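*Asks:*
There are 2 protein chains.
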Amino acid sequence: MIKTAKQTLALLAGLGVGLTVSTSAMSATSLDQVMKDRGLTQKDLLAAAKTYTPTGGRDEYLAFASGGQSGQVIVYGIPSMRILKYIGVFTPEPWQGYGFDEESKKVLRMGNIQGKEINFGDTHHPAISETDGEYDGRYLFINDKANPRVAVIDLHDFDTKQIVVNPVFKSQHGGAFVSENTEYVITAAQYATPYENKFVPLEEFNDKYRGGMTYWKFDRKIGRIQEDKSFTVMAPPYSQDLSDFGKGPSHGWSFTNSFCSERYVGGIEKGRPPYEAGCSAKDTDFMHVVNWKKAEEVYKAGKVKKINGASIITMETAVKEGILFLIPEPKSPHGVDVTPDGKFIIVSGKLDSHTSVYSFDKIMTAIKNKKFESKDPYGIPIISMKDTLHTQVELGLGPLHTQFDSKPCVAYTSLYVDSMVGKWDYCKGKVLDKISIHYNIGHLMTMEGDSKSPDGKYLVALNKLAIDRFNPVGPLHPQNHQLIDISGDKMQLLYDMPLPLGEPHYVVAIKADKLKPVNRYKSGWNPREDKRSPYKTRAGREKTVKTPGKVEVFGTTIRSHITPETIEAEVGDEVIIHLTNLERAQDQVHGFAMYGQNVQMSLEPGKTSTAKFVVDKEGVYPYYCTEFCSALHLEMQGYLLVKPKGYKAKKGKMQEGVSYTQADYEKQVKTNIETQAVIDSVVGFITSHNYQDFKPVVALVEDATDQLGFAEEAKKKSEVAAAKKDWQNAMLWANQWWQYQVKTADMGLRAKTYLEEHGAKKVK
Amino acid sequence: MIKTAKQTLALLAGLGVGLTVSTSAMSATSLDQVMKDRGLTQKDLLAAAKTYTPTGGRDEYLAFASGGQSGQVIVYGIPSMRILKYIGVFTPEPWQGYGFDEESKKVLRMGNIQGKEINFGDTHHPAISETDGEYDGRYLFINDKANPRVAVIDLHDFDTKQIVVNPVFKSQHGGAFVSENTEYVITAAQYATPYENKFVPLEEFNDKYRGGMTYWKFDRKIGRIQEDKSFTVMAPPYSQDLSDFGKGPSHGWSFTNSFCSERYVGGIEKGRPPYEAGCSAKDTDFMHVVNWKKAEEVYKAGKVKKINGASIITMETAVKEGILFLIPEPKSPHGVDVTPDGKFIIVSGKLDSHTSVYSFDKIMTAIKNKKFESKDPYGIPIISMKDTLHTQVELGLGPLHTQFDSKPCVAYTSLYVDSMVGKWDYCKGKVLDKISIHYNIGHLMTMEGDSKSPDGKYLVALNKLAIDRFNPVGPLHPQNHQLIDISGDKMQLLYDMPLPLGEPHYVVAIKADKLKPVNRYKSGWNPREDKRSPYKTRAGREKTVKTPGKVEVFGTTIRSHITPETIEAEVGDEVIIHLTNLERAQDQVHGFAMYGQNVQMSLEPGKTSTAKFVVDKEGVYPYYCTEFCSALHLEMQGYLLVKPKGYKAKKGKMQEGVSYTQADYEKQVKTNIETQAVIDSVVGFITSHNYQDFKPVVALVEDATDQLGFAEEAKKKSEVAAAKKDWQNAMLWANQWWQYQVKTADMGLRAKTYLEEHGAKKVK
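Line by line, the protein sequences give chains A and B. Using our numbering, read the first sequence as starting at 1 and increasing by one per residue. Using our numbering, read the second sequence as starting at 765 and increasing by one per residue.
Laid out in structure tokens, this is it:
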């Protein structure tokens, strides 16, 4: 009679159970003593209690941060501040196989710039897709500043699916931001350039260099940006920066700021003052106000100019059609943020101490009444600041970005020079609280802070280059994300979190329960295209197809072998290896790497991936599973044998390292019969309970059933060999039969334990 | 009279100070309420108190983990379990500029395999350099399994300095481990192959495929492995795995286990049972015992065979010279671990439930007395297990790796099948305690657990693919490192830490105060070679050198401009850009990226880096600083202008976007004079205190002095222009003069604040 998983496995392994496990007891060390030893205050303890998440606990929010020049996206939990995943986006990442298998290379190579392969990105601002102004948890968008690109990540599997290249910009800091039903993703040019891919002297900067805002059409059904339905509103060379879409009453409009409306061109090497002097000389820059609904109509009506294949609404058209307006804004602003109710737009000039609140109503009134103070040199109407301001607040030095609370009218603004976060009331124009942070704050973020209904609760301050917050790790320091409790009247610092890779610029956080990621793929899946792979291979159908100059493998992985275990090729052959991971249990990921070929695949359950390379030298190339997948993981290996061209095989039989006897075979069979009894008992337990109500158990049972099928096949092979007195193969197949049994039992026992722990009921 | 940093900066910015900052108050929410809301037990709270590290707090240990197939090394703090850095090793990483600047490409390309560029690694076992058997914190070694390579990371700056390729292996799981004075780093082949880069049929596996152990000579003075002083001991094709060096009494010896002494060759696609069946058929494998001191003598005496340029001690020589011995060990072991006193060697067979303790004394006695039970098929003497065992303990199912406590005779072993850690006494052969972990544990690690004097205190369990410990993030799960308190009699689970990128196999932890990383480089430094760069450029000495087909830039970066701001080239030119970061303050890192050229540099203070590419298309290519470095970071930009071949410039003057007047100039000068008064007062404060006793302050003062020098230059330029009534340039240079002043003041104030907070004294 089998009582526990431990006893069963012990039996399986032919072993007795060791000592009884002692129950854990509360450590004698008292809390007071620990606090004293570690120098913790009561306040620290409270912060610890607010952030510490015990084993198996879940975070309330998931945050998606840009990885800056690492080219990745970072996922972490709030309030535990534990990083859960780096997602490869613009930079190849081998753990995920990203950029190392053919399917993902295709995504990465969508991002080529004028034919050149680019293997990094400078990611800045992530945005979560929205439905009716609320984060819906379906997609994540992220821009690349260095090369003007946007990537689409599907949050059903956290994989990058698409990269689009802006055909007219050469720089793209300001993005990505989404409209309230994710109709469009906006990105703005930063460093002005000619739209055409042509040389134009800097002397013609004012006339021929241009900025602009691109509206990328997003198709929610297919989960991809539609480049052929996207358009760009051309703008003067003012260094357009961040944007935000209107919401609610301001839906249909977007707002983009700029930081060098001086149109200054540096050249310190030629004796000219540098950009920094010329771009910060004037007291104001321009907020760009765009009627994108109107722009969409104009685009649909075909009133566009085609440049590099892209649809461009020229400044002339934009002015004529009432699409583009300018409003002076305080000097060199960083952020433009629309309030949750859509009524106000908040801009901070980083070289001013004021935060300015513009009224959308007032802007509309001025536009309706054609009340403009002047036009800019390109004929774009300028609305006066005075006519559109709701209020200005002297918040502190170096104000940058603003985020919102669940409480009406409450906002938080990062103060770069002060190294503080300011909490204030944007309706009444009143400062409410301030808190010091460490140091160099850029963006800040509240929970669902860009949505129509922010959750408040927590705020994250994104601080740069923490020189003294953590143990030193050389001249390149981690960033520091500080978690702040904003649930009370006063802000409270809770946690300092180092960022070990990349420089996040912005982060968005979504309520974790809105995300419903899968944990395995449909069998034979290509996740990069979200469809069944044509190379899907079933167990027993593996094959290697040789054609002149090419070897194509349709293989599989399962605990603990790769099929095939030998691949033969000739020098000069192109080798293509498609592998399907047959596993269904969610932690049965396999990997695949090979000596000398720069190949690394991550095969999550169900996935089909492809490696492709040319073998240009004869030799022996081992390959193996790169993900620790079972006790026999190290044995999950194979060889690619590359023969010289025209090689003729000598006759030779495989020399066996060890010879097995009838006694070896019979001993193994005895073990296997005992093992089967254990399996039957476990199966009995599972099928006598309502296991089908437990999704993880259903997956385990599927896998176990597969393994048991394989065991049956191996058993038959051993019996066939034994009948021929081929004790060598009889013993080895009997051993393999047992391997499958052990894996069946392993999964069966995991299923049984799960059912016991989750209160499964006996069925009659 | 200047009173506070805040007031001063306010003055600098020409602003009044805003509202008084409210002092933070203890939140009204009580600890009990928080615990209730978050479902925390008293035990959770104690664990939180033992791990939570308040802002600015330091970790007691730094851990270095392999990144598995991510090809990186991961650095985290213990007990806070916060990840501090991912170090690029075998995989390009743009945040660090690794693989994107020429200096680091040189390191990465040392790892080419037979001429092919490899852009990932499968890192497994890090090792910290040792002096007299103690971690000395100087260097870190890490192996690549996929391609047989070892990398050297210098812990003075956490940078990868060298990659060496094993010339005879094609696989290298077992490594890196160091001898007690880091004389050698050992790596073992895993998948046997021919040593030559030739095709040999699998039928000749027993005769022509070989395993082995390579002893890499490390030169501590230059901090590099010396490939020409390294040697390999050839071994049978037994799938050699992990190793450990002897210490104390066993110094001079090394121990390597193996998992397929069956010499089984799979081939499931040909109807043969797979590797996993054939490699786990026998009850024992072989521990390889090597007298490496003797091997070193034999190597020095030239008794080696040269293969692919490497020095090989053949099996024949090894047997003849008494270098190599075998001892049966339990079936398919994972780890071999020498006890801190050097007296015992612990091996666990993962398919056995026993952990076996071998006595070094008994091994030596058998060797001395030539008491061998037999020879293997290659003539290598086999010592009997019985003659060398000290004890065997039935610890649990799937035992893998063992680590040690500070308490004598106390060891911890990971139990893969049981998903537990077992604590036991290896002298008495007694189980002491067990604790459950979640799940799939591979390695485990105690503080300085591989050294002569482990610290105990904490243990980390390295668990694979956490399916239910954290919020789900798609089919590829994070790993889970669980921190366990081992200071008491009973082990206590403290913390679950997700690993967001890569699959760490092993980790080593060192007392943090043993590490003394620098936080900036000497001026003009090439950190990859640890010497002054020939391209070091001083302020004011920047230049662009044009020769036919080539444009070479010797430039600099400083807050907030890149010199030059314009680079001109013709289509087809090779462009080489050397940049020196002139900053001295440790958080003044700059970056450099350019549109369309796959170039990204990380310029830590003092560093000189080089970007190189060919411009094959005409156009305008913006470049900029990629690291948020100051309020005017976005303005830190420039343009590469690529002209068509033979382009003739038209005459044209730069059109200015804005015209400035005498009044603009005079207004700016007035501000600057006021600012100078502030600076003088801050300088007065600093110089009247013992600031030279504070290292960070000295760096800040250096930088501030530099900036003030630049301010002086800009002032002169503005005065020259003003004298000519060139108000345009007068105003812009006056603005630049002010930019430098602000940066001077910023640093001065940071220095002043530091002095105030750290109790600087007035000097007379």
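For glycine and all other residues, C-beta sits at the position ideal for the given N, C-alpha and C. Keep in mind it's a predicted model, so treat the numbers as computed, not measured.
Based on the DSSP secondary-structure assignment, which residues constitute the bridge partners of Asn911/B?
*Replies:* DSSP lists no partner for Asn911/B.
*Asks:* Measure the Cβ-Cβ separation of Lys735/A and Pro1037/B and say whether it is below 8 Å.
*Replies:* The sequence shown places Asn at residue 735/A, not Lys. The answer is yes: Cβ separation under 8 Å.
*Asks:* Beta strand (DSSP E) containing Asn1227/B: first to last residue?
*Replies:* Gly1220 to Asn1227
*Asks:* Determine the direct distance from the alpha carbon of Glu552/A to that of Lys546/A, and round the result to whole angstroms.
*Replies:* 6 Å
*Asks:* For the beta strand (DSSP E) holding Ser830/B, just list the boundary residues, first then last.
*Replies:* Tyr825 to Ser830
*Asks:* Determine whether the beta carbon atoms of Tyr1424/B and Val1406/B lie at a separation below 8 Å.
*Replies:* no
*Asks:* Nearest chain B C-beta to Thr4/A closer than 8 Å, yes or no?
*Replies:* Any reading at Thr4/A must be qualified, since the residue scores a pLDDT of 43, below 50, and its modelled position is unreliable; no value is offered.
*Asks:* Buried or exposed: which applies to Pro340/A, given that a residue is buried once 16 or more other Cβ atoms fall within 10 Å of its Cβ?
*Replies:* buried
*Asks:* Ends of the beta strand (DSSP E) at Gln926/B?
*Replies:* Asp923 to Val929
*Asks:* Would you mind sorting Ala1468/B into buried or exposed? The rule is 16 or more other CB atoms within 10 Å of its CB.
*Replies:* Classification of Ala1468/B: buried, given that the 10 Å Cβ count is 16 or more.
*Asks:* By DSSP's criteria, Ile1257/B is part of a beta bridge. Which residues make up the other side?
*Replies:* Reading the sequence as shown, one finds Leu at residue 1257/B and not Ile. Per DSSP, the beta-bridge partners of Leu1257/B are Ile1248/B.
*Asks:* Using 10 angstroms around the beta-carbon of Ala789/B, count the other beta-carbons present and answer buried if the total reaches 16, otherwise exposed.
*Replies:* With a pLDDT of 38 at Ala789/B, under the threshold of 50, the modelled position of this residue cannot be trusted, and the question is left open.
*Asks:* Using 8 Å as the threshold, is the segment 682-690 of chain A in touch with the segment 738-753 of chain A, meaning 3 or more CB pairs across them?
*Replies:* Yes, the segment 682-690 of chain A is in contact with the segment 738-753 of chain A.
*Asks:* Using only the alpha-carbon positions, how far apart do Ser1394/B and Val508/A sit?
*Replies:* 23 Å
*Asks:* Look at the Cβ atom of Gly765/A, then the Cβ atom of Gly68/A, and state whether they are nearer than 8 Å.
*Replies:* A question about residue 765/A goes unanswered here, because the residues of chain A that appear run from 1 up to 764.
*Asks:* Are there any heavy atoms of the ligand SAH lying less than 7 Å away from the beta-carbon of Glu1438/B, as far as the coordinates show?
*Replies:* No copy of the ligand SAH appears in this structure; indeed no ligand is present at all.
*Asks:* Beta carbon of Pro1163/B, beta carbon of Thr1177/B: below 8 Å?
*Replies:* yes
*Asks:* Mind checking if Lys762/A is an interface residue toward chain B, Cβ cutoff 8 Å exclusive?
*Replies:* no
*Asks:* Quick one: is Gln1004/B buried, meaning 16 or more other Cβ sit within 10 Å of its Cβ, or exposed?
*Replies:* buried
*Asks:* When we look at the beta-carbon of Glu756/A and count the other beta-carbons within 10 Å, is it buried (16 or more) or exposed?
*Replies:* exposed
*Asks:* Let me know the secondary structure DSSP gives Thr817/B once reduced to three states.
*Replies:* coil
*Asks:* Looking at the C-beta of Gly1266/B, does it have a partner C-beta in chain A at a distance below 8 Å?
*Replies:* yes
*Asks:* If you run the structure through DSSP and keep just helix, strand and coil, what is His173/A?
*Replies:* coil
*Asks:* Under DSSP, the beta strand (DSSP E) around Trp1188/B begins and ends at which residues?
*Replies:* Met1184 to Asp1189
*Asks:* Kindly indicate the opening and closing residues of the alpha helix (DSSP H) around Glu102/A.
*Replies:* Glu102 to Arg109
*Asks:* Sort Ile327/A, Lys305/A, Lys293/A and Gly302/A by Cα distance to Thr284/A and report the nearest one.
*Replies:* That would be Ile327/A, whose Cα lies nearest to the Cα of Thr284/A.
*Asks:* I'd like to know whether the C-beta atoms of Phe592/A and Leu603/A end up nearer to each other than 8 Å.
*Replies:* yes
*Asks:* Short of 7 Å Cβ to Cβ, which residues in the segment 138-155 of chain A face chain B?
*Replies:* Ala146 and Asn147
*Asks:* For chain A, find out if any of its Cβ atoms is closer than 8 Å to the Cβ of Trp980/B; answer yes or no.
*Replies:* no
*Asks:* Given that Pro890/B touches chain A, what residues does it touch there, using C-beta distances under 7 Å?
*Replies:* The CB of Pro890/B never comes closer than 7 Å to any CB in chain A; the least such distance is about 15 Å.
*Asks:* How far does the alpha helix (DSSP H) with Ala1494/B in it reach, from first residue to last?
*Replies:* Trp1491 to Glu1521
*Asks:* Just to make sure I have the definition right: I need the residues of chain B whose C-beta is within less than 7 Å of the C-beta of Gln739/A. Which are they?
*Replies:* Going along chain B in sequence order, the residues near Gln739/A (Cβ under 7 Å) are Glu1040 and Ala1041.
*Asks:* Can you find a CB in chain A that lies within less than 8 Å of the CB of Phe864/B?
*Replies:* For Phe864/B, the closest Cβ of chain A is nearer than 8 Å.
*Asks:* Please tell me whether Ser788/B has its Cβ less than 8 Å away from any Cβ of chain A.
*Replies:* Unreliable positioning characterises Ser788/B in this predicted model, as indicated by a pLDDT of 37, which lies under 50. A coordinate reading is not provided.
*Asks:* Would you mind stating whether Thr1344/B and Lys1300/B have Cβ atoms separated by less than 8 Å?
*Replies:* yes
*Asks:* Just confirm the distance between the C-beta atoms of Val798/B and Leu46/A, as a whole number of angstroms; I'd bet it's less than 8 Å.
*Replies:* 7 Å
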